[in-house]
Amino acid sequence: MRGGTLGSAGRRGATRVLGVLFSVTALCVSAACSTTTAPAAAAGSHRISLRIGRASATPSATPSAPARRVLKDWPRPWYRHDGTCSAPPVIAHRGEGGTIAPLPENTSAAELAAVAQGASMLNADLRWTRDDVPVAIHDRLLDRTTTGTGPVLSVTAVQFTALGLKSNDGRRRLPGDQHPQTLAQLLAAVKHTGVPIVLQMEADPFAAGGSGQASIRALAAVIAASGYGGKVVVGGWAADDVAAFSAAAPGVMTAFIQETGNPSAASITATGARIIYIDFARLTAPQIAAWHAGGLAVWAWTPPFSAQWRRLQAMGVDAIATNWIPAYSRWARPCPPVPLS
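Residue numbers (mature numbering (1 follows the signal peptide of the UniProt record, and there is no 0)): -31 to -1, 1 to 310.
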């Protein structure tokens, strides 16, 4: 994951590990939900700073910010106490990954396997090709997960989808009938599941080499054409990226992603985001409570162990992203995410 400070200048670092981006808080969807509020948590100290992309001041004003769906009636119950479900919704980080031989990340095969394993939400990373087509890949370079070399921005969408896939560690080539996918292909493959998906902008379209608003519009168009927009959350690392997408697609929920930071709820919602998606290791109960009070849902990425899940559950997080969906489902029964409509 990337680090930085709110208001710092410069582009985001190229190296990071993401633990991603459903709508609003992870609440129950039936009347059987308890009216008990999320558990209070012990106080703790924190020092964090908001990750942004281009040189920018605090995200205090959204250019042409649209009206957004907002969280209401905080505090609200976010999981059942009746045995039907018992833990925050779980997000499958890049699809199925918590096995000895995981499927290739950011592919429909991995996402569909995660659904079968009990994921509440899916997650995929996205970047843009040279011809501004959104594609499902995490790294800036093609080298680790595909048979290509060089930047994703150096190839067209046709060239990208013609490449082969590699194992997630980059050590072996997978059978020849497996190829990386465009975002449109990925959404088409998972739409029938009805499971929400969190799309994470790993590239900054406003950085050098990017197409800026053209890339944002291309992403919004793909989501709109998919017919899956009501099940999609788009997250970004930079305030300007999130604000630009919020303006381009006001019907799609957005999330602000960060590794470290302590931004105010107001500065986050000014971008159009209604979710703060943060490294689990940095979270404290007072911080979560403050974000909740400001109308934000709080998601945590990517804790691998049940002791960490239990701690986050006690502090009141609204969703947990992990690579270990089968283990999470054995540990507790995750609650469904709240629908956007």
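Here a beta-carbon is modelled for each residue, glycine too, at the ideal position from N, C-alpha and C.
Item                                                                                                                                                                                                  : Value
Could you give the DSSP three-state label for PHE225: helix, strand or coil?                                                                                                                          : strand
In terms of alpha-carbon separation, which member of ILE257, ALA82 and TRP278 lies closest to ALA158?                                                                                                 : ALA82
How would you write the range of the alpha helix (DSSP H) that VAL203 sits in, first residue to last?                                                                                                 : It is not in any alpha helix (DSSP H) - VAL203 instead sits in the beta strand (DSSP E) that spans 201 to 205.
Alpha carbon to alpha carbon, how far is MET90 from SER123?                                                                                                                                           : 31 angstroms
So is ALA194 buried or exposed if we call it buried at 16+ other beta carbons inside 10 Å?                                                                                                            : exposed
For GLY263 and ALA235, which I take to be in contact (beta-carbon distance under 8 angstroms), what is that distance rounded to the nearest angstrom?                                                 : 6 angstroms
In angstroms, rounded to a whole number, what distance separates the CA positions of PHE175 and VAL211?                                                                                               : 11 angstroms
Pairing CB atoms from the stretch 158 to 167 with CB atoms from the stretch 127 to 142, are three or more of them under 8 angstroms?                                                                  : no
Spell out the partners DSSP gives ARG94 in its beta bridges.                                                                                                                                          : A quick correction: the sequence has Asp, not Arg, at residue 94. DSSP lists GLN169 as partners of ASP94.
I'd like to check one pair, HIS62 with THR271: are the Cβ atoms closer than 7 angstroms?                                                                                                              : yes
In angstroms with no decimal places, state the Cα-to-Cα distance between PRO273 and VAL286.                                                                                                           : 16 angstroms
Taking the CB atoms as reference points, tell me whether ILE244 and ALA224 lie closer together than 7 angstroms.                                                                                      : yes
Which same chain residues, not among the five before or five after residue 321, have their C-beta less than 7 angstroms away from its C-beta?                                                         : The chain is shown only over -31 to 310; residue 321 falls outside these bounds and no answer can be derived.
Residues in its own chain within less than 6 angstroms of VAL267 by CB, not counting five upstream and five downstream?                                                                               : ILE245, ILE257, TRP260, VAL286 and ASP287
Cutting at 6 angstroms between CB atoms, please list the residues of its own chain near GLY117, excluding the five before and the five after it.                                                      : LEU111 and LEU132
Consult DSSP for PRO255 and reduce its assignment to one of helix, strand or coil.                                                                                                                    : helix
In chain order, which continuous runs of the alpha helix (DSSP H) of length 4 or greater are located wholly inside the stretch 98 to 164?                                                             : 126 to 131 and 152 to 159
Determine, using beta carbons only, whether GLN169 and GLY204 come nearer to each other than 7 angstroms.                                                                                             : yes
Determine the closest residue to PRO305 out of ALA88, PRO71, PRO255 and ALA216, with distance taken between C-alpha atoms.                                                                            : ALA88
Could you give the residue range of the alpha helix (DSSP H) that holds TYR246?                                                                                                                       : Element bounds for TYR246: not the alpha helix (DSSP H) but the beta strand (DSSP E), 244 to 248.
Return helix, strand or coil for ARG(-30), following the three-state DSSP convention.                                                                                                                 : Below a pLDDT of 50, predicted positions are generally treated as unreliable, and ARG(-30), at 44, falls in that range; no measurement from the model is reported.
How many Å lie between ALA217 and GLU228 at the Cα?                                                                                                                                                   : 25 angstroms
Compare the C-beta of HIS62 against all C-beta atoms of chain C and say whether one is closer than 7 angstroms.                                                                                       : This model lacks chain C altogether, as it is built from one protein chain only.
Given a cut-off of 7 angstroms on the beta-carbon distance, is the pair ILE289 and GLY67 in contact?                                                                                                  : no
Starting from the C-beta of GLY22, find all residues in its chain whose C-beta is less than 7 angstroms away, skip the five residues before and the five after it, and write them out in chain order. : Its pLDDT being 32, under 50, GLY22 is placed unreliably by the model, and the measurement read from it follows with that caveat. Taken in chain order, the residues that qualify are ARG(-21), ARG(-20), ASP173, PHE175, ALA176, TRP206, ALA207, ASP209 and ASP210.
Restricting to Cα atoms, I'd like to know which of TRP278, ALA250, THR240 and PRO71 is closest to LEU265.                                                                                             : THR240
Looking only at its chain, what residues have a beta carbon closer than 7 angstroms to the beta carbon of GLY220, apart from the 5 residues adjacent to it on each side?                              : GLY198
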